[in-house]
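Here is the structure we will look at, set down as structure tokens.
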Amino acid sequence: MPGSLRVAILITTVLLFYLAWKYVVPELLVILNFLLTVLTPFILAVIIAVLIEPVVRFLHQVCRINRSLAVGLSMLVVIGGAGALLTLLVLRLAVELSELSVRLPQYMGPLQAEINRLVEKGKIFYFQLPPLVTERIQENMGTFTGWLSHVAGSLAGSLLHFITSLPNALVTIIVALIATYFFSRDYQLIIKLWLETAPEPWGQRVVEVGRRVVGASFGYLRAQSFLVTLTTIQSIVGLYIIGAKYSLTAGLLIGLFDIIPVLGPATIYIPWAIWSFFTGQIAFGVKLVVLYLLVWGVREVLQARVVAASLGLHPLAVLVAMYVGLKAIGVVGLVLGPLTLIALQAALGTIKPVNHR
318 MPGSLRVAIL
328 ITTVLLFYLA
338 WKYVVPELLV
348 ILNFLLTVLT
358 PFILAVIIAV
368 LIEPVVRFLH
378 QVCRINRSLA
388 VGLSMLVVIG
398 GAGALLTLLV
408 LRLAVELSEL
418 SVRLPQYMGP
428 LQAEINRLVE
438 KGKIFYFQLP
448 PLVTERIQEN
458 MGTFTGWLSH
468 VAGSLAGSLL
478 HFITSLPNAL
488 VTIIVALIAT
498 YFFSRDYQLI
508 IKLWLETAPE
518 PWGQRVVEVG
528 RRVVGASFGY
538 LRAQSFLVTL
548 TTIQSIVGLY
558 IIGAKYSLTA
568 GLLIGLFDII
578 PVLGPATIYI
588 PWAIWSFFTG
598 QIAFGVKLVV
608 LYLLVWGVRE
618 VLQARVVAAS
628 LGLHPLAVLV
638 AMYVGLKAIG
648 VVGLVLGPLT
658 LIALQAALGT
668 IKPVNHR
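Going by this note's numbering, the letters in the sequence shown line up with residues 318 to 674, in that order.
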């Protein structure tokens with residue numbers, strides 16, 4: 318191939334990639350965002366239907382209950398139980414926070430006295446500075462004040478957006494619950510219709526891939542539930558041992574934050590330890606730091622191994638998938654990365670036997 322032709326092909330390829338990235342990809346993202354917005358209740362319905370399927374199968378096959386009634390009872394037990402547990406947790410937290418708000422002034426006393434002492438020292442030091450330095454400090458304070466105003470405005474806007482989106486969220490939840498019932502009740506009919514519609518052998522392959530992905534997804538959820546439960550138990554027991562007040566509520570709150578990868582237990586442990594240092598409880602603050610390092614270390618050691626064991630994948634593959642997912646699409650990628658790897662493994666597993674024939 319002549320060199321000039323190679324250069325022309327390379328330039329054309331680069332130009333096509335640039336045009337696709339500049340004009341096609343943004344439009345595809347807009348379309349994808351619209352589809353996700355429209356299909357959100359039905360995606361939630363499929364997820365909930367998959368989650369309650371073991372309960373439905375138990376009631377239908379073991380207890381000999383009609384499937385329609387079994388689906389309704391399963392939704393009532395699983396969704397109602399989760400809602401009741403969350404309500405009890407919120408009420409317990411409200412009681413603990415109410416008691417804490419009453420005792421907060423006496424906790425704030427030593428900290429406020431220390432802050433006042435530092436402010437008085439700062440005033441003396443400030444008036445001894447050169448005029449150029451004081452002007453620069455005032456400029457920086459003005460910039461900081463403007464930033465705080467911007468943050469406050471953003472928070473107010475976010476709160477307003479959250480309030481205005483509540484009706485849409487309620488409609489989404491209602492539609493998702495109704496769709497969950499029909500998806501769960503008629504899932505065999507839906508699969509049969511798909512197999513009759515899709516060309517062979519792709520219909521059966523898609524069903525097989527879906528089953529493998531669902532099974533592995535349950536394993537992934539079990540692994541994450543185990544890790545969150547372990548973190549919660551470690552925190553409750555550890556806080557009780559070091560003599561922390563409200564150890565049960567604090568441990569449950571730490572477990573709740575452990576579900577959020579970006580925040581995690583550090584959201585509770587680190588500010589609590591800093592507060593203890595400020596209020597003069599140095600020994601207790603050190604204990605909190607040690608307990609946090611223990612909880613963090615155990616989770617980091619077990620995470621890749623437990624997740625890999627549940628998914629049937631090598632720990633390094635799971636770690637790479639989680640890291641790539643995090644870098645590609647953010648926090649959601651920590652979950653979608655391993656699930657994508659599962660889907661690829663399942664797809665290859667269904668295609669290879671056909672190719673060997």
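Virtual Cβ for every residue (Gly too), placed ideally from N, Cα, C.
Here the structure is a predicted model, which is why all the values come from computation and not from measurement.
Nearest-angstrom Cα distance between residue i and residue j?
i: Lys339; j: Thr357; result: 28 Å
i: Arg381; j: Arg529; result: 27 Å
i: Arg323; j: Val331; result: 12 Å
i: Gly568; j: Pro516; result: 53 Å
i: Leu665; j: Val363; result: 24 Å
i: Ala387; j: Val641; result: 40 Å
i: Leu352; j: Ala600; result: 54 Å
i: Leu643; j: Leu653; result: 9 Å
i: Ala660; j: Ala337; result: 27 Å
i: Gly520; j: Phe500; result: 19 Å
i: Gln620; j: Val395; result: 27 Å
i: Gly614; j: Ile491; result: 41 Å
i: Leu487; j: Ala399; result: 17 Å
i: Ile328; j: Val342; result: 20 Å
i: Val367; j: Pro588; result: 38 Å
i: Leu510; j: Tyr504; result: 10 Å
i: Trp464; j: Glu456; result: 12 Å
i: Ile558; j: Val603; result: 14 Å
i: Val623; j: Phe535; result: 13 Å
i: Leu333; j: Ile326; result: 10 Å
i: Leu349; j: Pro448; result: 57 Å
i: Ala411; j: Leu405; result: 10 Å
i: Val379; j: Leu402; result: 27 Å
i: Glu370; j: Leu376; result: 10 Å
i: Val355; j: Leu361; result: 12 Å
i: Ser482; j: Arg453; result: 43 Å
i: Val671; j: Pro655; result: Residue placement at Val671 cannot be trusted, given a pLDDT of 44 that sits under 50; the coordinates are not used to answer.
i: Leu512; j: Tyr335; result: 40 Å
i: Tyr537; j: Thr514; result: 31 Å
i: Leu605; j: Phe574; result: 16 Å
i: Leu506; j: Leu346; result: 33 Å
i: Val531; j: Ser552; result: 31 Å
i: Leu393; j: Arg374; result: 15 Å
i: Gln541; j: Thr460; result: 43 Å
i: Glu617; j: Gly650; result: 18 Å
i: Glu416; j: Ala561; result: 15 Å
i: Ile576; j: Pro518; result: 39 Å
i: Asn485; j: Arg522; result: 37 Å
i: Ile467; j: Thr489; result: The sequence shown places His at residue 467, not Ile. Cα-Cα distance, rounded: 32 Å.
i: His673; j: Gln662; result: Per-residue confidence for His673 stands at a pLDDT of 43, beneath the threshold of 50, marking its modelled position as unreliable; no derived number is given.
Would you mind giving the Cβ-Cβ distance between residue i and residue j, rounded to the nearest angstrom? I have them listed as a contact below 8 Å.
i: Val524; j: Ile508; result: 6 Å
i: Ile365; j: Ala493; result: 7 Å
i: Val612; j: Thr548; result: 6 Å
i: Arg502; j: Arg384; result: 6 Å
i: Tyr498; j: Gly397; result: At roughly 14 Å, the Cβ-Cβ gap does not stay under 8 Å, so Tyr498 and Gly397 are not in contact.
Going by the beta-carbon positions, is the gap between residue i and residue j smaller than 8 Å?
i: Gly572; j: Val545; result: yes
i: Thr657; j: Ala634; result: no
i: Ala583; j: Tyr609; result: yes
i: Leu570; j: Ile591; result: no
i: Ser391; j: Val372; result: yes
i: Arg409; j: Thr566; result: yes
i: Ala496; j: Phe594; result: no
At a threshold of 7 Å, does residue i count as lining the ligand ADP (C-beta to nearest heavy atom)?
i: Gln505; result: Ligands are entirely absent from the displayed structure, and the ligand ADP is therefore not among its contents.
inquiry  = Ignoring anything shorter than 4 residues, give me the alpha helix (DSSP H) runs that lie fully in the region 542-623, in order along the chain.
reply    = 564-575, 583-595
message = Runs of 4 residues minimum, wholly inside the region 345-428: which ones carry the alpha helix (DSSP H) assignment?
response = none
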